[in-house]
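**Student:**
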Amino acid sequence: MPFGKVILLSVTDFDADNTYDRYQELDLLRFKLNLHGYMMRAASQQMREWSRISKKALDHGISLFDLGSAWIDLYSQLPYVRGVEVLLVTDAAVIRQMDPMAQKVFQYVRAMMKMHEETSLDCSTCEYQSVCNEVQSLSAMRKKIQNRK
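Heads up: the sequence shown runs through residues 0 to 148, numbered per numbering that gives the first Met the number 0.
(1) Measuring alpha carbon to alpha carbon, tell me which residue in H35, M39 and V80 is nearest F2.
(2) Measure the alpha-carbon distance for L86 versus K4 and round it to whole angstroms.
(3) Among Q76, L7, C131 and H115, which has the Cα closest to the Cα of D20?
(4) At the level of alpha carbons, what is the spacing between M97 and K55?
(5) Taking Cβ positions, are Q102 and V130 nearer each other than 8 Å?
(6) Could you compute how far the alpha carbon of M0 sits from the alpha carbon of L66?
(7) What do you get for A110, buried or exposed, if any count of 16 or more other CB atoms within 10 angstroms of its CB means buried?
(8) Under three-state DSSP, which class holds A15?
(9) Quick one: what does DSSP say G67 is sitting in, helix, strand or coil?
(10) Return the chain-ordered ranges of every alpha helix (DSSP H) run that is complete within the stretch 87–146 and spans a minimum of 4 residues.
(11) Using the C-alpha atoms, what's the distance from D72 back to L32?
(12) Could you tell me whether the Cβ of R95 comes closer than 8 Å to any Cβ of chain B?
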């Protein structure tokens, strides 16, 4: 069955100093979902997740509502998360339509990760230059990192 998941978060108190660390915390949190009968594997570099639900869990009535509620509960535990909305999509055509938006978000994330993980911050040679120019918060983050080095 096709399965797409989008988790929208309303957050507070993110700035150029803490955004990377908070992103890492949010990204790793998805692996802490402990819902009996549900298993998820991920290939973060490909922006893909695979989910499995056991037959026993299905027999006990697990639903997409249960899954979405568990994600909401998990992310709501963080003090800087003000709201959580979970969109679950099971239509392959709709999932394909959402892919360009997901790719754009993934570009932002990769640009942020590159800034924090690489020693060279030469914007003229960076493949994410257009992304950083488009997103002011990434430019501010880059300047803070440059000042630290």
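Beta carbons are placed, not taken as given, at the ideal position from N, Cα and C, and that holds for glycine.
**Tutor:** So, from the listed chains and residues:
(1) M39
(2) 6 Å
(3) H115
(4) Our two residues, M97 and K55, have alpha carbons roughly 31 Å apart in a direct line.
(5) no
(6) 15 Å
(7) Buried: at least 16 other Cβ atoms inside 10 Å.
(8) coil
(9) It is helical.
(10) 91–116 and 128–133
(11) 9 Å
(12) Note that chain B does not occur in the displayed structure, where there is just one protein chain.
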